[in-house]
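*Asks:* Residue numbers (my numbering): 127 to 692. For every residue, glycine included, the Cβ atom is placed at its ideal position computed from N, Cα and C.
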Amino acid sequence: MAGRPWELKAPKILGVKLTGKMNGWTSPKDIILKLAGITTVKGGTGKIVEYFGDGVDTFSATGMGTICNMGAEIGATTSVFPFNKSMIEYLEATGRGKIADFAKLYHKDLLSADKDAEYDEVVEIDLNTLEPYINGPFTPDLATPVSKMKEVAVANNWPLDVRVGLIGSCTNSSYEDMSRSASIVKDAAAHGLKSKTIFTVTPGSEQIRATIERDGQLETFKEFGGIVLANACGPCIGQWDRRDIKKGDKNTIVSSYNRNFTSRNDGNPQTHAFVASPELVTAFAIAGDLRFNPLTDKLKDKDGNEFMLKPPHGDGLPQRGYDAGENTYQAPPADRSTVEVKVSPTSDRLQLLKPFKPWDGKDAKDMPILIKAVGKTTTDHISMAGPWLKYRGHLENISNNYMIGAINAENKKANCVKNVYTGEYKGVPDTARDYRDQGIKWVVIGDENFGEGSSREHAALEPRFLGGFAIITKSFARIHETNLKKQGLLPLNFKNPADYDKINPDDRIDILGLAELAPGKPVTMRVHPKNGKPWDAVLTHTFNDEQIEWFKYGSALNKIKADEKK
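1) Report the three-state DSSP secondary structure of K355 (helix, strand or coil).
2) Enumerate in chain order the residues of its own chain whose CB-to-CB distance from A511 is below 6 angstroms, with the five nearest sequence positions on each side excluded.
3) By Cβ distance below 7 angstroms, which residues in the same chain neighbour K436 in space, the five residues on each side in sequence not counted?
4) In terms of alpha-carbon separation, which member of K160, Y216, K685 and P137 lies closest to Q445?
5) Can you give me the start and stop residues for the alpha helix (DSSP H) that P261 sits inside?
6) For the putative contact between R289 and D392, defined by C-beta atoms under 8 angstroms, what is the C-beta separation to the nearest angstrom?
7) Helix, strand or coil: how does DSSP classify P438 here?
8) According to DSSP, is I566 helix, strand or coil?
9) For my contact list, I251 and K160 are in at a C-beta cut-off of 8 angstroms; report their separation, rounded to the angstrom.
10) So the candidates are M275, T599, G593 and E578; which of them puts its Cα closest to the Cα of D627?
11) Alpha carbons only, please: which of E583, N622 and E466 is nearest the one belonging to L515?
12) To the nearest angstrom, how far is it from the Cα of G448 to the Cα of L478?
13) Is G680 helix, strand or coil when you go by DSSP?
14) In its own chain, which residues sit with a C-beta less than 6 angstroms from the C-beta of F185, not counting the 5 before and 5 after it?
15) Can you tell me whether A413 is buried or exposed, with buried defined as 16 or more other CB within 10 angstroms of its CB?
16) Do the region 293-302 and the region 323-340 touch if we need at least three Cβ pairs shorter than 8 angstroms?
17) Going residue by residue through the region 135-210, where are the continuous alpha helix (DSSP H) segments of at least 4 residues, counting only ones entirely within it?
18) Can you give the beta carbon distance from S273 to A411, rounded, assuming they're within the 8 angstroms contact cut?
19) Looking at the structure shown, is I533 part of a helix, part of a strand, or coil, going by DSSP?
20) With DSSP collapsed to three states, give me the class of G286.
21) Cα-Cα, which of V500, T408, N526 and L286 is closest to P589?
22) Would F264 pass as a contact of N386 if the rule is Cβ separation under 8 angstroms?
23) Would you kindly report the start and end of the unbroken alpha helix (DSSP H) that includes R604?
24) What is the DSSP secondary structure of N619, reduced to helix, strand or coil?
25) Is I497 closer than 8 angstroms to T554 when the C-beta atoms are compared?
26) Nearest by alpha-carbon distance to L474: which of R518, Y245 and N657 is it?
27) Measure the Cβ-Cβ separation of A499 and G579 and say whether it is below 8 angstroms.
28) If you reduce the DSSP assignment to three classes, tell me which class M304 lands in.
29) According to DSSP, simplified to helix, strand and coil, what is N298?
30) Report, in whole angstroms, the separation of the C-beta atoms of I174 and P131, which I expect to be a contact under 8 angstroms.
31) Identify whether Y216 lies in helix, strand or coil by the three-state DSSP scheme.
32) Return helix, strand or coil for H317, following the three-state DSSP convention.
33) What are the residues that DSSP puts in a beta bridge with Y528?
34) Assess, as a yes-or-no matter, whether the region 661-673 is touched by the region 628-648 under the definition of 3 or more beta carbon pairs within less than 8 angstroms.
35) Who are the near neighbours of K428 in its chain, counting only those whose CB is closer than 6 angstroms to its CB and skipping five residues on each side?
36) Using the beta-carbon count (16 or more within 10 Å), is F228 buried or exposed?
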């Protein structure tokens, strides 16, 4: 968009060999859920995940879309499948037959794996024996096969009553997903059963909503007791006015979404959120029990007779084609040269931004630690969504959510940090503003895989806006690390992860050697304990030459603007 080259560190290739064919209750979602359990949330960092093997030709293009959608949950740079028949069928069904024809010309050379291709590492998954998975709570890589969930849930004292089942979202609302889930609902209805839980349906697009309304799946869900939500992120990103529990109530929900971090869906840290296929979520909604295994367990119909749910079934593509639904696209004016954007200075939703200041050319010294975060710190912890999204165009206001979900290592509390100058405990954003308004730079100390989850730009804009200088962690999620660089911040890693444990919240931090900042060259962090002698630690980074210029100019946009003036 900016007419500039785009750089990416050459990724490694993780090959995932799929053999056999899925059957019964197993769905494409279970492939990525199992893989997440194998690789963990950071196992795909710096890697492209390439799926291969005879199993890739046995399921739908939309199923592949679900798998690739969740590649972010293992940290992958991207995920790819070889071009095949199911992709052709999907492109033709969605009015893109010309693209399919074009792809056919090149698929053998460019869109398929080379013969005897070698991978940096290989994971094998046998689809014949793959069973449904439920991942969670609180992280998408805690993978449990449905056959083991009863044992694991009881052992961990997880809430067994499922309060809410949520299907749909960008990850799992294809026509196939909705059709297979509706088949389960029809089976339950034939036995006089409705949902025991709150059950929500989030269509992933207007096209899906209109098509499943026309073909009857939407009405099936409504008769089941389902609530149809808007074609939007909805509860997946915290846009959920949940009223069936109070904050602090321990409870379980199961969704077909892609993420299940603490407090993400409903703002309640005691909600145990699990992710599964939409088919399995629907089964849990019928049973109302996390221990239920539809492959082996029986339910009772309205008359008390036992029966088992039939395995789900449904068309991968609509037989009558897709219904585009309501066209809500608003085209911009053809001539935009006279368009003027005016923003009220009193608006609490929109705010014009001023360029960030460039680096002053000096080492940063005597910086306080805003927070030493412990444990999982996702972009949801760094910049919560939900009710905050109305401020996404107003950086001052949305910055009031900065790090409010992160856990302070000092007191194990969220949004409670000490101002090292006054000794007063306040919220993280308030303390950051106090430092900023006094011209004091600050740092954040973070744990492993800092910034995993949604690629949320506000999570990088906010610390820069609030006066932050460096984020120092054991390791970063790749996208968040790059976003921090774009805003002129220094994302740095402990060369020795054990140095994280040596730092105390009252310590002051120097970052030295910045004038010689260069690709591959570490910098020095000097730690000044409140009581004790200073000590040094080596910090590494992944800056390339262009990104170092972003830091010096104050942001990537500042550098682009300066180049355009030349």
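*Replies:* Taking the geometry as given:
1) For this step, residue 355 is matched to residue 229 along the sequence shown. Just to set this straight, residue 355 is Leu in the shown sequence, not Lys. Three-state result, L355: coil.
2) Here residue 511 refers to the residue found at position 385 when the sequence shown is read from its first residue. Correct list, in chain order: I363 and G364.
3) Your numbering for residue 436 matches position 310 in the sequence shown. Closer than 7 angstroms at Cβ, skipping near neighbours: D313.
4) Here residue 445 corresponds to residue number 319 of the sequence shown, with the count starting at 1. Of the listed residues, the one whose Cα sits closest to Q445 is Y216.
5) Sequence index remark: in the sequence shown, residue 261 carries index 135 (1-based). The amino acid occupying residue 261 in the given sequence is Asn; Pro does not appear at that position. Here N261 belongs to no alpha helix (DSSP H); instead the beta strand (DSSP E) covers Y259 to N261.
6) The sequence position of residue 289 within the sequence shown is 163, counting from 1. The sequence position of residue 392 within the sequence shown is 266, counting from 1. Not a contact, Cβ separation roughly 10 angstroms.
7) Looking up residue 438 in the sequence shown gives position 312. Note: P438 maps to coil in three-state DSSP.
8) Taking the sequence shown and counting its residues from 1, the one referred to as residue 566 is at position 440. Coil, per DSSP.
9) Within the sequence shown, residue 251 is the residue found at index 125, counting from 1. Within the sequence shown, residue 160 is the residue found at index 34, counting from 1. The Cβ separation is near 6 angstroms, so the contact holds.
10) Within the sequence shown, numbered from 1, the residue matching residue 627 stands at position 501. Minimum Cα distance to D627 is reached at T599.
11) On the sequence shown, position 389 is the one that residue 515 refers to. Answer by Cα proximity: E583.
12) Here residue 448 refers to the residue found at position 322 of the sequence shown. Here residue 478 refers to the residue found at position 352 of the sequence shown. The amino acid at residue 448 is misidentified as Gly; the sequence shows Tyr. Approximately 41 angstroms, taken between the alpha carbons.
13) Locating residue 680 in the sequence shown gives position 554, where the first residue counts as 1. In the structure shown, G680 sits in coil (DSSP, three-state: anything other than H, G, I, E or B).
14) Reading the sequence shown from its first residue, position 59 is the one you call residue 185. Here the set comprises P154.
15) Mapped onto the sequence shown, residue 413 falls at position 287. With 16 or more other Cβ atoms within 10 Å, it is buried.
16) yes
17) Correct list: 154-165 and 187-195.
18) Locating residue 273 in the sequence shown gives position 147, counting from the first residue. Locating residue 411 in the sequence shown gives position 285, counting from the first residue. Going by Cβ atoms, the distance from S273 to A411 rounds to 20 angstroms, so no, they are not a contact pair.
19) Within the sequence shown, the letter at position 407 stands for residue 533. Note: I533 maps to strand in three-state DSSP.
20) Here residue 286 refers to the residue found at position 160 when the sequence shown is read from its first residue. Note that residue 286 is Leu in the sequence shown here, rather than Gly. Note: L286 maps to coil in three-state DSSP.
21) Against the sequence shown, residue 589 aligns to sequence position 463. Selected option, being the one with the closest Cα: N526.
22) Walking along the sequence shown from the start, residue 264 turns up at place 138. Walking along the sequence shown from the start, residue 386 turns up at place 260. Against a cut-off of 8 angstroms, the Cβ pair of N386 and F264 comes out as a contact.
23) Residue 604 sits at position 478 when you count from the first residue of the sequence shown. Looking at the DSSP string, the run of the alpha helix (DSSP H) that includes R604 is R604 to K612.
24) For this step, residue 619 is matched to residue 493 along the sequence shown. Correct three-state label for N619: strand.
25) In the sequence shown, the residue the question calls residue 554 occupies position 428. In the sequence shown, the residue the question calls residue 497 occupies position 371. As written in the sequence, residue 554 is Val, which differs from the Thr given in the question. Closer than 8 angstroms, so yes.
26) Reading the sequence shown from its first residue, position 348 is the one you call residue 474. What sits at residue 474 in the sequence shown is Asp, not Leu. Nearest option by C-alpha distance: R518.
27) Against the sequence shown, residue 499 aligns to sequence position 373. Against the sequence shown, residue 579 aligns to sequence position 453. The answer is no: Cβ separation not under 8 angstroms.
28) Mapped onto the sequence shown, residue 304 falls at position 178. Looking at M304 - three-state DSSP - the assignment turns out to be helix.
29) Residue mapping note: residue 298 aligns to position 172 of the sequence shown, counting from 1. It is a strand residue.
30) Here residue 174 corresponds to residue number 48 of the sequence shown, with the count starting at 1. Here residue 131 corresponds to residue number 5 of the sequence shown, with the count starting at 1. Not a contact, Cβ separation roughly 20 angstroms.
31) Translated into the one-based positions of the sequence shown, residue 216 becomes position 90. In the structure shown, Y216 sits in a helix (DSSP, three-state: H, G or I).
32) By 1-based counting over the sequence shown, the position of residue 317 is 191. Coil.
33) Position 402 of the sequence shown, counted from the start, is the residue given in the question as residue 528. According to DSSP, Y528 bridges with S509.
34) yes
35) Here residue 428 refers to the residue found at position 302 when the sequence shown is read from its first residue. The answer, listed in chain order, is G318.
36) Residue mapping note: residue 228 aligns to position 102 of the sequence shown, counting from 1. Counting Cβ neighbours within 10 Å, F228 comes out exposed, since fewer than 16 surround it.
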